[in-house]
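Colleague: Just dropping this structure here.
In this note's numbering, the protein residues as written are 242 to 535.
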(Lines of atoms letter the chains of each structure in order from A; the text may use other names.)
(Lines give C-alpha, C1' and ligand atoms only; values in the text may rest on other atoms or scores of the structure.)
Protein backbone atom coordinates (compact mmCIF):
# COMPACT_ATOMS: atom_id res chain seq x y z
CA UNK A 242 0.00 0.00 0.00
CA UNK A 243 1.30 3.46 -0.80
CA UNK A 244 1.96 5.80 2.11
CA UNK A 245 -1.32 7.78 2.33
CA UNK A 246 -1.19 11.48 1.61
CA UNK A 247 -3.51 14.17 2.82
CA UNK A 248 -5.16 16.94 0.90
CA UNK A 249 -4.24 20.59 1.15
CA UNK A 250 -5.82 22.04 4.29
CA UNK A 251 -7.10 25.54 4.51
CA UNK A 252 -5.78 27.84 7.19
CA UNK A 253 -9.05 27.38 9.08
CA UNK A 254 -8.14 23.95 10.46
CA UNK A 255 -7.52 22.95 14.06
CA UNK A 256 -4.32 24.97 14.34
CA UNK A 257 -5.31 27.28 11.49
CA UNK A 258 -8.40 28.48 13.33
CA UNK A 259 -6.16 29.84 16.04
CA UNK A 260 -3.94 31.38 13.38
CA UNK A 261 -6.89 33.03 11.66
CA UNK A 262 -8.09 34.49 14.94
CA UNK A 263 -4.65 35.92 15.54
CA UNK A 264 -4.46 37.36 12.05
CA UNK A 265 -7.77 39.13 12.53
CA UNK A 266 -6.65 40.69 15.82
CA UNK A 267 -3.35 42.10 14.58
CA UNK A 268 -3.05 45.87 14.32
CA UNK A 269 -1.15 47.04 11.28
CA UNK A 270 -0.13 43.48 10.36
CA UNK A 271 -2.85 42.01 8.22
CA UNK A 272 -0.68 39.39 6.56
CA UNK A 273 2.26 38.44 8.83
CA UNK A 274 5.34 36.83 7.33
CA UNK A 275 6.11 34.64 10.34
CA UNK A 276 3.39 32.54 11.99
CA UNK A 277 3.62 29.71 14.50
CA UNK A 278 0.61 28.20 16.27
CA UNK A 279 0.61 25.12 18.51
CA UNK A 280 -2.57 23.40 19.68
CA UNK A 281 -2.43 20.53 22.15
CA UNK A 282 -3.99 17.40 20.62
CA UNK A 283 -5.43 14.05 21.64
CA UNK A 284 -6.38 10.94 19.68
CA UNK A 285 -9.55 12.52 18.34
CA UNK A 286 -8.01 15.73 17.05
CA UNK A 287 -5.05 13.87 15.54
CA UNK A 288 -7.41 11.52 13.69
CA UNK A 289 -9.54 14.43 12.49
CA UNK A 290 -6.59 16.42 11.17
CA UNK A 291 -4.70 13.59 9.47
CA UNK A 292 -7.74 12.01 7.81
CA UNK A 293 -9.57 13.53 4.83
CA UNK A 294 -13.25 14.49 5.00
CA UNK A 295 -15.47 13.51 2.07
CA UNK A 296 -19.19 13.95 1.47
CA UNK A 297 -21.90 13.43 -1.09
CA UNK A 298 -21.10 11.17 -4.04
CA UNK A 299 -17.48 10.84 -2.93
CA UNK A 300 -18.51 9.58 0.49
CA UNK A 301 -20.96 7.08 -1.00
CA UNK A 302 -18.26 5.79 -3.39
CA UNK A 303 -15.79 5.33 -0.55
CA UNK A 304 -18.39 3.51 1.55
CA UNK A 305 -19.23 1.22 -1.36
CA UNK A 306 -15.53 0.51 -1.94
CA UNK A 307 -15.18 -0.42 1.74
CA UNK A 308 -18.24 -2.64 1.80
CA UNK A 309 -18.31 -4.22 -1.65
CA UNK A 310 -15.01 -3.59 -3.40
CA UNK A 311 -14.15 -1.12 -6.19
CA UNK A 312 -16.69 1.65 -6.84
CA UNK A 313 -16.95 4.40 -9.44
CA UNK A 314 -18.06 8.02 -9.71
CA UNK A 315 -17.87 10.67 -12.40
CA UNK A 316 -16.74 14.26 -12.07
CA UNK A 317 -14.87 17.21 -13.46
CA UNK A 318 -11.98 17.09 -10.98
CA UNK A 319 -10.14 14.52 -8.89
CA UNK A 320 -12.47 13.84 -5.92
CA UNK A 321 -9.80 13.12 -3.28
CA UNK A 322 -6.03 12.84 -3.33
CA UNK A 323 -4.90 9.37 -4.27
CA UNK A 324 -3.93 7.64 -1.01
CA UNK A 325 -5.97 9.91 1.29
CA UNK A 326 -7.19 8.30 4.51
CA UNK A 327 -10.96 8.46 5.03
CA UNK A 328 -13.01 7.48 8.08
CA UNK A 329 -16.00 5.17 7.56
CA UNK A 330 -18.06 4.02 10.56
CA UNK A 331 -15.19 4.46 12.98
CA UNK A 332 -12.54 2.71 10.89
CA UNK A 333 -9.95 4.34 8.64
CA UNK A 334 -9.14 3.43 5.04
CA UNK A 335 -6.51 4.50 2.53
CA UNK A 336 -8.41 5.31 -0.66
CA UNK A 337 -6.78 4.81 -4.03
CA UNK A 338 -8.40 6.72 -6.92
CA UNK A 339 -7.64 6.30 -10.61
CA UNK A 340 -9.18 7.63 -13.82
CA UNK A 341 -10.51 4.74 -15.90
CA UNK A 342 -12.05 6.68 -18.79
CA UNK A 343 -14.50 9.41 -19.68
CA UNK A 344 -18.26 9.61 -19.97
CA UNK A 345 -20.59 11.99 -21.80
CA UNK A 346 -23.02 13.61 -19.38
CA UNK A 347 -25.47 16.47 -19.32
CA UNK A 348 -24.46 19.22 -16.93
CA UNK A 349 -25.64 22.52 -15.52
CA UNK A 350 -23.46 25.40 -14.42
CA UNK A 351 -24.87 27.35 -11.47
CA UNK A 352 -23.59 30.87 -10.85
CA UNK A 353 -23.45 32.03 -7.21
CA UNK A 354 -22.59 35.56 -6.12
CA UNK A 355 -23.23 37.93 -3.20
CA UNK A 356 -26.47 39.88 -3.38
CA UNK A 357 -26.76 43.05 -1.33
CA UNK A 358 -30.43 43.64 -2.10
CA UNK A 359 -33.52 41.63 -3.03
CA UNK A 360 -32.82 38.64 -5.28
CA UNK A 361 -36.29 39.05 -6.73
CA UNK A 362 -37.59 35.55 -6.09
CA UNK A 363 -37.50 32.52 -3.81
CA UNK A 364 -34.79 32.26 -1.17
CA UNK A 365 -33.97 28.90 0.45
CA UNK A 366 -32.15 28.42 3.71
CA UNK A 367 -28.77 26.74 3.25
CA UNK A 368 -29.59 24.10 5.90
CA UNK A 369 -32.81 23.17 4.06
CA UNK A 370 -31.10 22.43 0.73
CA UNK A 371 -30.50 18.86 -0.47
CA UNK A 372 -27.16 17.35 0.53
CA UNK A 373 -25.69 17.73 -2.95
CA UNK A 374 -26.32 21.49 -2.93
CA UNK A 375 -24.93 21.94 0.59
CA UNK A 376 -21.82 20.04 -0.44
CA UNK A 377 -21.33 22.22 -3.50
CA UNK A 378 -21.84 25.46 -1.57
CA UNK A 379 -19.86 24.47 1.52
CA UNK A 380 -16.52 25.18 -0.11
CA UNK A 381 -17.64 28.72 -0.92
CA UNK A 382 -18.74 29.65 2.58
CA UNK A 383 -16.11 30.44 5.15
CA UNK A 384 -16.05 32.00 8.58
CA UNK A 385 -18.94 32.71 10.87
CA UNK A 386 -20.27 35.48 8.68
CA UNK A 387 -20.78 33.11 5.74
CA UNK A 388 -18.92 35.32 3.30
CA UNK A 389 -17.75 34.14 -0.12
CA UNK A 390 -14.02 34.27 -0.85
CA UNK A 391 -14.49 35.97 -4.24
CA UNK A 392 -17.31 37.86 -5.89
CA UNK A 393 -18.55 35.11 -8.20
CA UNK A 394 -18.43 31.30 -8.33
CA UNK A 395 -19.66 28.65 -10.73
CA UNK A 396 -20.81 25.23 -9.55
CA UNK A 397 -20.96 22.33 -12.00
CA UNK A 398 -23.64 19.64 -11.64
CA UNK A 399 -23.48 16.38 -13.57
CA UNK A 400 -25.21 13.01 -13.63
CA UNK A 401 -27.16 12.09 -10.51
CA UNK A 402 -26.29 15.44 -8.95
CA UNK A 403 -28.71 17.16 -11.32
CA UNK A 404 -31.61 14.94 -10.26
CA UNK A 405 -30.90 15.48 -6.56
CA UNK A 406 -30.38 19.25 -6.69
CA UNK A 407 -32.84 21.98 -5.79
CA UNK A 408 -30.70 24.67 -7.41
CA UNK A 409 -31.10 23.18 -10.88
CA UNK A 410 -34.64 21.84 -10.48
CA UNK A 411 -37.56 23.00 -12.63
CA UNK A 412 -38.84 25.11 -9.74
CA UNK A 413 -35.39 26.60 -9.25
CA UNK A 414 -34.04 28.77 -6.45
CA UNK A 415 -33.24 32.45 -6.83
CA UNK A 416 -31.23 32.85 -3.67
CA UNK A 417 -29.66 31.03 -0.73
CA UNK A 418 -29.46 32.42 2.81
CA UNK A 419 -26.53 31.41 4.99
CA UNK A 420 -25.74 32.93 8.40
CA UNK A 421 -27.75 36.04 7.59
CA UNK A 422 -26.19 36.62 4.16
CA UNK A 423 -28.13 36.06 0.92
CA UNK A 424 -26.49 34.87 -2.29
CA UNK A 425 -28.10 35.02 -5.69
CA UNK A 426 -28.25 31.75 -7.62
CA UNK A 427 -28.72 31.33 -11.36
CA UNK A 428 -28.72 28.01 -13.21
CA UNK A 429 -27.49 28.06 -16.79
CA UNK A 430 -28.68 26.04 -19.75
CA UNK A 431 -28.16 22.29 -19.91
CA UNK A 432 -25.06 21.32 -21.90
CA UNK A 433 -23.29 18.09 -22.78
CA UNK A 434 -19.74 17.54 -21.61
CA UNK A 435 -17.11 14.86 -21.07
CA UNK A 436 -16.25 14.01 -17.46
CA UNK A 437 -13.75 11.58 -15.98
CA UNK A 438 -14.78 8.24 -14.53
CA UNK A 439 -13.04 7.50 -11.22
CA UNK A 440 -12.45 4.06 -9.72
CA UNK A 441 -12.13 3.85 -5.93
CA UNK A 442 -10.51 1.08 -3.91
CA UNK A 443 -10.06 1.13 -0.12
CA UNK A 444 -7.58 -0.62 2.16
CA UNK A 445 -7.87 -0.72 5.95
CA UNK A 446 -5.41 1.44 7.86
CA UNK A 447 -6.88 1.32 11.38
CA UNK A 448 -9.94 -0.09 13.10
CA UNK A 449 -10.50 2.73 15.58
CA UNK A 450 -9.76 6.37 16.27
CA UNK A 451 -7.04 5.61 18.81
CA UNK A 452 -5.44 3.03 16.52
CA UNK A 453 -5.39 5.53 13.67
CA UNK A 454 -3.93 8.23 15.95
CA UNK A 455 -1.10 5.84 16.82
CA UNK A 456 -0.63 5.13 13.10
CA UNK A 457 -0.33 8.88 12.52
CA UNK A 458 2.12 9.30 15.38
CA UNK A 459 4.41 6.65 13.90
CA UNK A 460 4.55 8.56 10.61
CA UNK A 461 4.42 12.21 11.62
CA UNK A 462 5.33 12.77 15.29
CA UNK A 463 8.76 14.23 16.07
CA UNK A 464 10.31 15.91 19.10
CA UNK A 465 11.15 19.61 19.17
CA UNK A 466 14.19 19.86 21.46
CA UNK A 467 17.48 21.70 21.94
CA UNK A 468 15.99 25.18 21.55
CA UNK A 469 17.83 28.37 22.24
CA UNK A 470 16.32 31.01 24.51
CA UNK A 471 14.85 33.05 21.65
CA UNK A 472 13.37 29.99 19.99
CA UNK A 473 11.85 28.86 23.26
CA UNK A 474 10.19 32.24 23.74
CA UNK A 475 8.60 31.94 20.28
CA UNK A 476 7.34 28.43 21.04
CA UNK A 477 5.89 29.46 24.39
CA UNK A 478 4.09 32.37 22.74
CA UNK A 479 2.80 30.05 20.01
CA UNK A 480 1.34 27.73 22.65
CA UNK A 481 -0.17 30.57 24.67
CA UNK A 482 -1.80 32.67 21.95
CA UNK A 483 -0.01 32.15 18.63
CA UNK A 484 3.09 33.86 17.30
CA UNK A 485 2.57 36.40 14.46
CA UNK A 486 5.19 38.83 13.18
CA UNK A 487 5.40 41.03 10.09
CA UNK A 488 9.09 40.23 9.68
CA UNK A 489 11.19 37.10 10.06
CA UNK A 490 13.48 37.42 13.07
CA UNK A 491 16.70 35.41 13.23
CA UNK A 492 15.35 33.27 16.10
CA UNK A 493 12.29 32.36 14.02
CA UNK A 494 14.50 31.58 11.03
CA UNK A 495 16.54 29.16 13.15
CA UNK A 496 13.37 27.60 14.55
CA UNK A 497 11.85 27.21 11.08
CA UNK A 498 15.00 25.41 9.99
CA UNK A 499 14.26 22.69 12.52
CA UNK A 500 11.14 21.79 10.53
CA UNK A 501 13.06 21.16 7.31
CA UNK A 502 13.06 17.49 6.30
CA UNK A 503 10.75 16.61 9.20
CA UNK A 504 7.65 14.50 8.43
CA UNK A 505 4.73 16.84 7.74
CA UNK A 506 1.01 16.19 7.82
CA UNK A 507 0.80 18.77 5.04
CA UNK A 508 3.47 21.09 3.67
CA UNK A 509 4.47 23.56 0.98
CA UNK A 510 7.27 26.05 0.36
CA UNK A 511 5.45 28.38 2.77
CA UNK A 512 5.44 26.00 5.74
CA UNK A 513 2.87 23.44 6.76
CA UNK A 514 1.20 21.42 9.51
CA UNK A 515 3.24 19.15 11.77
CA UNK A 516 2.65 16.79 14.67
CA UNK A 517 5.21 17.85 17.26
CA UNK A 518 6.09 16.71 20.78
CA UNK A 519 7.39 19.52 22.97
CA UNK A 520 8.19 18.96 26.63
CA UNK A 521 6.22 15.69 26.72
CA UNK A 522 3.08 17.23 25.21
CA UNK A 523 1.84 16.68 21.66
CA UNK A 524 0.86 19.64 19.51
CA UNK A 525 -0.55 20.11 16.05
CA UNK A 526 1.78 22.83 14.86
CA UNK A 527 1.19 25.24 11.98
CA UNK A 528 4.17 27.22 10.68
CA UNK A 529 4.07 29.82 7.93
CA UNK A 530 6.97 31.76 6.45
CA UNK A 531 8.32 33.05 3.10
CA UNK A 532 9.99 30.31 1.03
CA UNK A 533 13.43 31.93 1.37
CA UNK A 534 13.30 31.80 5.18
CA UNK A 535 15.24 28.52 5.37
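We put the beta carbon where it would ideally sit given N, CA and C, even for glycine.
Would you mind stating whether residue 409 and residue 333 have Cβ atoms separated by less than 7 Å?
Modeller: No; because the gap between Cβ atoms is not below 7 Å, this pair is not in contact.
Colleague: Check this for me: beta carbons of residue 302 and residue 424, under 7 Å apart or not?
Modeller: No, these two residues do not count as a Cβ contact at 7 Å.
Colleague: Have a look at residue 373 and residue 345 and give me their C-alpha separation to the nearest angstrom.
Modeller: Between residue 373 and residue 345, the C-alpha separation is close to 20 Å.
Colleague: In chain order, what residues of the same chain have a beta carbon less than 8 Å from the beta carbon of residue 463, not counting five sequence neighbours either side?
Modeller: So the qualifying residues of the chain are 503, 504, 515, 516, 517, 518.
Colleague: I need the DSSP call for residue 500, collapsed to helix, strand or coil.
Modeller: In this structure, residue 500 counts as coil in the three-state DSSP scheme.
Colleague: Comparing alpha-carbon positions, which option in 495, 335, 480 lies nearest residue 522?
Modeller: For the residues 495, 335, 480, the minimum Cα distance to residue 522 belongs to 480.
Colleague: Relative to the C-alpha of residue 407, which candidate in 293, 531, 351, 478 has its C-alpha closest?
Modeller: For residue 407, the nearest C-alpha among the options comes from 351.
Colleague: Would you mind working out which of 474, 489, 327, 361 sits nearest residue 426, comparing C-alpha positions?
Modeller: Residue 361 is the option with its Cα nearest to residue 426.
Colleague: Taking three-plus beta-carbon pairs below 8 Å as touching, is the stretch 312 to 328 in contact with the stretch 527 to 534?
Modeller: No, the stretch 312 to 328 is not in contact with the stretch 527 to 534.
Colleague: Using 7 Å as the threshold, is the C-beta distance between residue 274 and residue 489 below it?
Modeller: Against a cut-off of 7 Å, the Cβ pair of residue 489 and residue 274 comes out as a contact.
Colleague: Hey, residue 320 and residue 439 are a contact pair by Cβ (cut 8 Å); roughly how many whole angstroms apart?
Modeller: That pair is a contact at about 6 Å.
Colleague: Measuring straight from C-alpha to C-alpha, what distance separates residue 450 and residue 283?
Modeller: Distance between the alpha carbons of residue 450 and residue 283 is about 10 Å.
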